[in-house]
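Numbering (our numbering), first residue to last: 6 to 595.
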Amino acid sequence: MLQRDLLPRAALVAALLTFVSDVPLADAQSAPEPERGDIVPVTDAMLQNPSDDDWLMWRRTLDGWGYSPLDQVTPENVGKLRMVWSRGLSEGRQQGTPLAYDGVLYMPNPIDVIQAIDAVSGDLIWEYRREHPDNILQQVGGLAANNRNIAIHGGLIIDTSVDNFVFALDAVTGELVWETMILDYKTQPAMHSSGPIIADGKVISGRSCLPRGGPDSCVIVAHDAETGAELWRRRTVPAPGEPGDETWGDIPFEDRTHVGTWMVPSYDPGLELIYIGTSVTSPAPKFLLGGRDLRHLYHNSTLALDANTGEIAWHYQHLNDHWDLDHPFERMLVDTSVAPDADEVDWINPRLEPGETRKVMTGIPGKTGVVYTLDRETGEFLWARPTIRQNVISTIDGATGAVTENSEVVFRELGQEAYVCPTYIGGKDWQAGAYSPRTNAMYVPMRNSCALMTATRAGRLQIYALDAEHQIAPGTDLSGSVHAVSAETGKSLWTYEQRAGLMSLFVTGGGLVFVGDGNGRFRALDDKTGESLWEINLGSPVTGFPITYAVDGRQYVAASTGNRSAALLSGLTPELRPSSGNNLFVFALP
């Protein structure tokens with residue numbers, strides 16, 4: 006791997022001599038520790054137990070909750086919430102998550118633009134714009150323009166780039182400190198639409214890998230947060246002789262492609278395990294890839310990785326996917342009593358002792374809209390249930406967790422049509438849900454979608470050999486919903502539904518669920534009832550991940566908007582025509 010150093014030549018030689026014997030995987034160098042001004046370096050302890058005032062990573066905490074303890078804004082006073090500042094963002098597919106630390110917002114913009122903004126006034130402190138070749142998006146794919154999240158560690162802001170590097174900026178000045186090539190985008194293109202997390206000083210990043218990049222581009226990689234040195238990489242496709250090789254039949258290794266990890270992982274520092282989800286294969290219909298009965302590991306799976314080595318501690322496959330129903334979304338790590346209600350939970354492990362407290366991984370990790378709860382130490386299946394209409398899973402064996410797909414919608418030949426629910430826009434998609442310890446419940450934005458899908462090499466989704474005519478699921482004209490589900494029992498607590506599709510959300514210690522939609526509305530819902538308590542029209546789809554933070558005792562709420570293509574929802578509700586503006590909006594009580 007290539008590491009670009011910012012030192013003078015003499016210092017570079019000394020640095021190379023220092024690292025050459027210690028870093029077998031990457032020739033990585035870094036500049037000397039720069040002056041950080043008055044910034045307090047962010048430690049691993051701070052990331053594992055952040056100040057209530059801060060939002061230091063994608064879902065605020067390593068357990069993927071999307072929960073803030075801040076409680077100044079409540080159901081009683083949220084109606085008084087007012088905009089205090091706004092700021093335009095750079096052009097492109099805007100889906101960013103601002104980080105909030107010590108009075109500064111660090112905002113990822115499309116195509117590797119990062120801004121530091123005064124969190125109280127909205128004034129720009131610095132801006133970094135990474136230089137790329139003009140044809141870079143043609144090389145790696147247009148979705149690489151997304152920049153969903155960044156990370157902070159020490160005095161560094163860390164991100165992955167369109168041109169397949171991981172890099173670090175000085176948090177005070179925005180100057181580049183180190184960068185390390187992960188893949189050569191000319192020969193092994195990958196899309197970094199999401200950024201990394203920091204797990205005990207390691208920068209953990211996944212990516213979407215293109216078929217022409219081959220299986221070796223389908224990797225999860227760890228780098229040293231201080232230096233950029235590569236520590237390990239884990240391929241998501243087994244090679245001949247490796248565990249899982251047999252699940253690909255006689256498919257040559259070079260044709261085992263596109264098992265990506267394109268969303269952000271979670272991390273349990275006590276178990277030292279990273280939890281990350283994977284995508285569908287290319288092509289998706291398995292009759293085109295050696296046979297419908299092969300499992301093609303590790304696609305559409307949860308992988309629990311040893312944070313120190315990258316070795317797979319356990320895996321669980323959620324679906325043998327023929328329809329592009331990826332499973333890379335947020336994994337929520339919760340310690341809870343487990344007592345699934347058989348009246349609402351379809352699939353339950355018969356060995357489960359109701360009421361026992363377990364360390365679980367829960368949430369809706371894939372587009373099917375199915376809630377899965379697994380033991381996060383062992384990967385043991387505990388329970389699962391659908392939320393929205395789905396017809397791709399027939400049953401799950403409670404004793405083993407083995408999933409049986411609905412044979413009526415499994416493709417057998419080119420030209421075959423099947424009515425599939427949900428479609429590949431979800432169900433669930435990249436729009437993130439959240440978990441609240443106040444209610445021991447998860448809150449997940451969903452959409453009601455189905456499609457007449459066709460297995461074809463000439464469709465609009467050629468990379469997967471699919472075509473689809475999307476529509477809202479039968480029986481409703483409402484595309485968007487938020488589902489509140491008990492993490493203990495699996496029971497539905499409430500459902501909020503509306504015509505426009507819902508976007509990402511977060512929950513607060515004040516008892517609120519803040520959520521945007523594809524028609525530009527940003528709302529606060531009551532976390533116990535789902536009642537809408539406050540709403541504002543921001544004009545454009547709320548495509549970014551909203552957050553909350555506090556400065557000098559005052560709580561702020563931040564939401565960002567983007568264009569309609571970034572929302573991927575307008576086709577279901579063509580009469581809704583929001584504008585397409587990339588902006589950051591911040592609210593507070595008077």
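Note that CB positions come from ideal geometry on N, CA and C, so glycine has one too.
Item, Value
"State the Cα-Cα distance for the pair D27 and T232, rounded to the nearest angstrom.", "For D27, the predicted model reports a pLDDT of 38, less than 50, meaning its position is unreliable and no value from the coordinates is stated."
"Tell me the rounded alpha-carbon separation between E536 and L86.", "17 Å"
"Pop quiz: G514 and R443 are said to be a contact at Cβ under 8 Å. What is the actual Cβ separation, rounded to whole angstroms?", "7 Å"
"Could you tell me whether the region 323 to 335 touches the region 477 to 489, using the rule of 3 or more Cβ pairs below 8 Å?", "no"
"Measuring only the C-alpha atoms, how far is L215 from S584?", "31 Å"
"Mind checking K291: buried by the 16 CB within 10 Å criterion, or exposed?", "buried"
"At which residue ranges does the region 309 to 372 contain complete beta strand (DSSP E) runs of 3 or more residues, listed in the order of the chain?", "317 to 322, 337 to 343 and 361 to 367"
"Apart from the five residues on each side of it in sequence, which residues of its chain come closer than 6 Å, Cβ to Cβ, to R363?", "V343 and D380"
"Just mark A439 as buried or exposed, buried being the case when its beta carbon has 16 or more other beta carbons within 10 Å.", "buried"
"Shortest alpha-carbon distance to M268 belongs to which of L129, T283 and G516?", "T283"
"Assuming Y272 and L104 form a contact by the criterion Cβ under 8 Å, report the distance between their Cβ atoms to the nearest whole angstrom.", "No, Y272 and L104 are not in contact; Cβ-Cβ is about 17 Å, not under 8 Å."
"Rounded to the nearest angstrom, what separates G200 and L188 at their Cα positions?", "15 Å"
"Less than 6 Å between C-beta atoms, sequence neighbours within five positions excluded: which residues of the same chain meet that for G506?", "R452, S484, G485, G523 and L574"
"Are L471 and P243 closer than 9 Å when you measure CB to CB?", "no"
"E540 bridges to which residues according to DSSP?", "R528"
"Take Q322 as the anchor and find which of Y111, S441, I281 and L174 has the nearest alpha-carbon.", "I281"
"For a test of the three-state rule: what should DSSP assign to T409, helix, strand or coil?", "strand"
"Taking Cβ positions, are L302 and T252 nearer each other than 9 Å?", "yes"
"What's the call for D58, buried or exposed, on a 16-neighbour Cβ count within 10 Å?", "buried"
"Going by beta carbon distance, what residues of the same chain come within less than 6 Å of I468, once the five residues before and after it are set aside?", "S287"
"According to DSSP, S199 sits in a beta bridge with which residue or residues?", "DSSP, once it has assigned bridges, lists no residue as partnering S199."
"As an exercise, report each continuous alpha helix (DSSP H) stretch of at least 4 residues that is fully enclosed by the region 475 to 511, in chain order.", "none"
"Quick check on the DSSP output: the alpha helix (DSSP H) that includes L236 runs from which residue to which?", "Note, L236: premise wrong, no alpha helix (DSSP H); beta strand (DSSP E) at E235 to R240."
"Mark T600 as exposed unless 16 or more other C-beta atoms lie within 10 angstroms of its C-beta, in which case mark it buried.", "The requested residue 600 is not part of the displayed model; the chain covers only 6 to 595."
"Does the region 81 to 99 come close enough to the region 350 to 365 to have 3 or more Cβ pairs within less than 8 Å?", "no"
"Excluding five sequence neighbours on each side, which residues of the same chain lie with their C-beta closer than 6 Å to the C-beta of T459?", "E422 and D472"
"Give me, in chain order, the residues of the same chain whose beta-carbon lies closer than 7 Å to that of G130; leave out the 5 immediate sequence neighbours on both sides.", "Here residue 130 is Ile; the residue named in the question, Gly, does not match the sequence. V109, A121, I122 and D123."
"Are there 16 or more other CB atoms within 10 angstroms of the CB of A407, so buried, or fewer, so exposed?", "exposed"
"Assuming A230 and K207 form a contact by the criterion Cβ under 8 Å, report the distance between their Cβ atoms to the nearest whole angstrom.", "7 Å"
"Given a cut-off of 9 Å on the beta-carbon distance, is the pair H475 and T428 in contact?", "yes"
"From the DSSP output, in three-state form, read off F550 for me.", "coil"
"Would you kindly report the start and end of the unbroken alpha helix (DSSP H) that includes V145?", "I141 to V145"
"Grouping DSSP H, G and I as helix and E and B as strand, with all else coil, what is A204?", "strand"
"Identify, in the order they occur along the chain, each residue of the same chain with its Cβ nearer than 6 Å to the Cβ of T378, setting aside the five sequence neighbours on each side.", "V365, T367, L387 and W388"
"What would DSSP say about Q467, mapped onto helix, strand or coil?", "helix"
"Work out the CA separation of P220 and T494 for me, nearest whole Å.", "40 Å"
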